[in-house]
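Chemist: Residue numbers (UniProt numbering): 1 to 659.
Positions of the beta carbon are idealized from the N, C-alpha and C atoms, including for glycine.
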Ligand code: AHR
């Protein structure tokens, strides 16, 4: 009974305070005359990890799954629908994997006993996205024993076996030979398959059967998916972190990401099971492997294409501590350290150096101008600090200007975090990677996280973060509007503390609609389409409006960290001559604010960009991909203070031209 009375009173007072809050008009003061600090060009970047089919089946535009028959089950992804394996041996044909050389060990031997109907079908990555009138580049290797097979026919088919694209090749040689062809699709289909049939009887060996759209990012042959890179480009990211994430660490050490195996000829790169294949029982993806077609050279090239500083993260000799936690002994650390040194040479070395030459041979004689390197991902404890010191000493001895990113573990608080921060501070670490996967409420409550952070301590790389509507690694997490605007509230705090927070990135970046393991994710795609989540537009809004100089924005002399559910940050852009003010209203109703801007002469016009949605659960979807997107309108500057009404649950960016 008593309990009820208290809660009624409490609800009553909440209501009163919210009505009172809404009736008040907050006056915010912006001082445009004083730069608090420079905003780093790297302030808003991207975190890429091959999780959720983000590389193979995603950004890397290859349409054939298991093109070189190197999956653990060598014919995974390949169907042989007409093979009748009976004791009477009546099959019309069959394929079996054969093992050969070092890295790309398997090829597929096809034996055709009669030429009626045997087919080998590739299912793609949960289908292949094919567009009407678009061209597709086919390539493969074949060795045609005694010229037995007269013709190979390649067809795009749908689930009803309807053909909507076809080409054929006459395999001329007994020896391994490369063949290419191009064909055009006559229909659009999200779940196409590639069917291969044969004329003639006898044996033919096949390998590296590959199909790419001609229309790739920058029209690079066998390149990246254009729509997905465009979404990355549109964020104008300051950096690109790659290749992860836990994928860097591996479940075991031998399973770690080894960048050296990801460069050179694509067909020589060793295929490997993706660690996310088996990570979550809620989303097992047995067909998730890494072809490394998107490897370190391509990551560097992508960074360059989208104007982002490359930021590779490497294994520090510790396997994922959520899995085996396997350790390389201190006495066995040299190869790991050498990998880091060689990577710097690969990126920046002269073409006369061993690794610089490999980069050059791959088509990029000019250095990639690498400035950052990360040592370990989410490692924790004494073992990490011990190993970090070895890396730091070796890297700085050879490359004193390279900035080293160190890790602080998987959580932004708790024993492991406190220990790491204490140690890294003593070591005068330059840039510490912090990860925050927390509730939306946590994000709102932590907008002041860095307000009292030691300005002389290590700089912060907010390297992975996402508000989670349910909880960490839960498949029910949604990219909903509450998560997105709560992140925006938090980001105002990161921006206000640009003196210490120098790089930030949402994680993970991408997820395939049919093949994800982890939610939420910034970009969603299927084989034909892609869209940015509301969280994507939050990132984009901050990134393209990051400005050059941080300004002070206060209410009654205090930073806005959620008083009356209001959050704010302000910058100026010396290039565009604008003052840019970001305001986040997380209240259930609109709020009026008055902005008293001093220290700048304003022109008569500006613009107002708004990201808003009515309900906490709202999301962008394939059906409605632009539901939550920024809307821009003209803003008329008034004399004196600027008066704004901030809708409930909204993010507002006010851009004012100065004269
Ligand atoms: O972003 C997904 C995972 O979350 C990353 O791989 C890891 O670093 C973190 O735990």
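Relative to the ligand AHR, is the shortest distance from any of its heavy atoms to the C-beta of residue 416 smaller than 8 Å?
Modeler: No, the Cβ of residue 416 stays beyond 8 Å of every heavy atom of the ligand AHR.
Chemist: In this structure, how does DSSP classify residue 649 when only helix, strand and coil are distinguished?
Modeler: Three-state result, residue 649: coil.
Chemist: Figure out for me which residue from 646, 337 and 564 has the closest Cα to the Cα of residue 445.
Modeler: Checked all of 646, 337 and 564; the closest Cα to residue 445 is 564.
Chemist: Which one or two residues does DSSP pair with residue 657 in a beta bridge?
Modeler: The partner list for residue 657 (beta bridge, DSSP) reads 578.
Chemist: Going by Cα to Cα distance, which pick from 74, 207, 626 and 582 is closest to residue 28?
Modeler: Of the listed residues, the one whose Cα sits closest to residue 28 is 582.
Chemist: Output yes if chain C places a C-beta closer than 9 Å to the C-beta of residue 79; else output no.
Modeler: Absence of chain C from the displayed structure is noted, only one protein chain being present.
Chemist: Would a C-beta distance cut-off of 9 Å place residue 600 and residue 33 closer than the cut-off?
Modeler: Contact flag set, yes.
Chemist: Using only the heavy atoms of the ligand AHR, determine whether one of them is closer than 8 Å to the beta carbon of residue 55.
Modeler: Outside the cutoff, so no.
Chemist: Would you say the beta carbon of residue 524 is closer than 8 Å to some non-hydrogen atom of the ligand AHR?
Modeler: Because no heavy atom of the ligand AHR lies under 8 Å away, the Cβ of residue 524 does not count as near it: no.
Chemist: CB residue 410 to CB residue 307, shorter than 9 Å?
Modeler: No, the Cβ-Cβ distance between residue 410 and residue 307 is not below 9 Å.
Chemist: Might you give, ordered along the chain, the residues of its own chain that have their beta carbon closer than 7 Å to the beta carbon of residue 251, omitting 5 neighbours on each side?
Modeler: Result list for residue 251: 275, 319, 320, 323 and 324, in chain order.
Chemist: What distance in whole Å lies between the Cβ atoms of residue 559 and residue 451, which are believed to be in contact at a cut-off of 8 Å?
Modeler: Right, their Cβ atoms sit about 6 Å apart.
Chemist: Whole angstroms are fine: how far does the CA of residue 103 sit from the CA of residue 662?
Modeler: A question about residue 662 goes unanswered here, because the residues of the chain that appear run from 1 up to 659.
Chemist: How many angstroms separate the CA atom of residue 245 from the CA atom of residue 316?
Modeler: Near 13 Å, if we compare the C-alpha coordinates of residue 316 and residue 245.
Chemist: At what residue ranges does the segment 216 to 265 contain a whole run of the alpha helix (DSSP H), taking only runs of 4 or more?
Modeler: Runs found: 226 to 233.
Chemist: Report the residue from 604, 284, 544 and 291 whose alpha carbon sits nearest the alpha carbon of residue 263.
Modeler: Residue 291 is the option with its Cα nearest to residue 263.
Chemist: Between the segment 61 to 79 and the segment 157 to 177, can you find at least three pairs of beta-carbon atoms closer than 8 Å?
Modeler: Cβ pair count under 8 Å is below three, so no.
Chemist: How big is the Cα-Cα spacing for residue 336 and residue 390?
Modeler: C-alpha separation (whole angstroms): 10 Å.
Chemist: Should residue 635 and residue 607 be called a contact, given that it needs their Cβ atoms to be closer than 9 Å?
Modeler: Yes; because the gap between Cβ atoms is below 9 Å, this pair is in contact.
Chemist: Closest by CA to residue 135, which one among 193, 205 and 186?
Modeler: Among 193, 205 and 186, the Cα nearest to that of residue 135 is on 186.
Chemist: Hey, which residues come within less than 7 Å of the ligand AHR, measuring from Cβ to any heavy atom, in chain order?
Modeler: This criterion selects 49, 51, 244, 245, 246, 247, 377, 378, 410, 435, 437, 464, 507, 508 and 518.
Chemist: Please state if the CB of residue 148 and the CB of residue 196 are separated by a distance shorter than 9 Å.
Modeler: Cβ distance not < 9 Å, so residue 196 and residue 148 don't count as in contact.
Chemist: For the segment 487 to 499 and the segment 615 to 635, state whether three or more C-beta atom pairs, one from each stretch, are separated by less than 8 Å.
Modeler: The segment 487 to 499 vs the segment 615 to 635: no contact.
Chemist: Which one or two residues does DSSP pair with residue 660 in a beta bridge?
Modeler: For the chain, the structure presents residues 1 to 659; residue 660 sits outside this window and is missing.
Chemist: Kindly indicate which residue of 514, 45 and 339 has the alpha-carbon position closest to the one of residue 287.
Modeler: Selected option, being the one with the closest Cα: 514.
Chemist: For residue 190 and residue 227, what's the separation of their Cα atoms in angstroms?
Modeler: Roughly 15 Å between the two C-alpha positions.
Chemist: Identify the residues that DSSP records as bridge partners of residue 44: which are they?
Modeler: For residue 44, which the question treats as bridged, DSSP gives the partners 504.
Chemist: Given a threshold of 16 other Cβ atoms within 10 Å of its Cβ, counted over all protein chains shown, does residue 376 qualify as buried or as exposed?
Modeler: Classification for residue 376: buried.
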